[in-house]
Ligand SMILES: [Zn+2]
């Protein structure tokens, strides 16, 4: 007999399979297999993603680690963090020009290089 722990292909939950007899009228014709988490009905026992059948390769490290996004130099310098209007305090990062919250990595069309602040007259 197969194990009853599954990793549901429908909802992705670490769940259990729920077996219910399938009747044709009063005659039992087979079994139905449901996900205990979302109630998804599997087409057949062969489609049940039993945990014991080594399906763990679905969850590889590659899925967990997002590739690091590499910005081109030009784009990098248009980030809010390098902008004159970027205001950083312990509570929030915001854009003084647009009066909104921003991320240091945001990019903006109204970007104004921060060095201008120092050389302003
Ligand atoms: Zn499910």
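Numbering (this note's numbering), first residue to last: 1 to 121. C-beta atoms are modelled at their ideal positions from N, C-alpha and C, and glycine is treated no differently.
Query raised in the report: ligand 3 heavy atoms versus the CB of residue 15: any closer than 7 Å?
Result: Ligands in the displayed structure: ligand 1; ligand 3 is not one of them.
Report task. Could I get the ranges of all uninterrupted beta strand (DSSP E) runs contained in the stretch 3-49, with 3 residues as the minimum, in chain order? Result -> 5-7, 14-24 and 27-35
Query - Sequence-distant residues of its chain with Cβ nearer than 8 Å to residue 55 (five each side left out) - result: The sequence position of residue 55 within the chain shown is 55, counting from 1. A caution first: residue 55 carries a pLDDT of 49, below 50, which makes its placement in the model unreliable, though a value can still be read off. Excluding sequence neighbours, residue 55 sits near 7 and 49.
Query raised in the report: Can you tell which of 25, 9, 111 and 109 has the C-alpha that lies nearest to the C-alpha of residue 43?
Result: Here residue 43 refers to the residue found at position 43 when the chain shown is read from its first residue. It is 9 whose Cα lies nearest to the Cα of residue 43.
Query raised in the report: What did DSSP end up calling residue 108 once you bin it into helix, strand or coil?
Result: Residue 108 sits at position 108 when you count from the first residue of the chain shown. Residue state for residue 108 is assigned as coil, using DSSP reduced to three classes.
Query raised in the report: Hey, residue 82 and residue 113: beta-carbon distance below 8 Å or not?
Result: Numbered from its first residue, the chain shown carries residue 82 at position 82. Numbered from its first residue, the chain shown carries residue 113 at position 113. In contact: residue 82 and residue 113 (Cβ atoms closer than 8 Å).
Query raised in the report: For residue 37, is the beta carbon positioned less than 7 Å from some heavy atom of ligand 1?
Result: Here residue 37 corresponds to residue number 37 of the chain shown, with the count starting at 1. Answer for residue 37: yes, Cβ within range of ligand 1.
Query raised in the report: In this structure, does DSSP put residue 120 in helix, strand or coil?
Result: Numbered from its first residue, the chain shown carries residue 120 at position 120. The pLDDT assigned to residue 120 is 47, lower than 50, so where the model puts this residue is not dependable, and the model offers no usable value.
Query raised in the report: CA-CA distance, residue 11 and residue 31?
Result: Counting from one through the chain shown, the residue named residue 11 turns up at place 11. Counting from one through the chain shown, the residue named residue 31 turns up at place 31. For residue 11 and residue 31, the distance between alpha carbons rounds to 21 Å.
Query - Chain-order list of residues whose beta-carbon lies under 6 Å from that of residue 20 (same chain, five-residue window excluded) - result: Stepping through the chain shown from its first residue, residue 20 is reached at position 20. For residue 20, where only same-chain residues beyond five positions count, the Cβ hits under 6 Å are 32.
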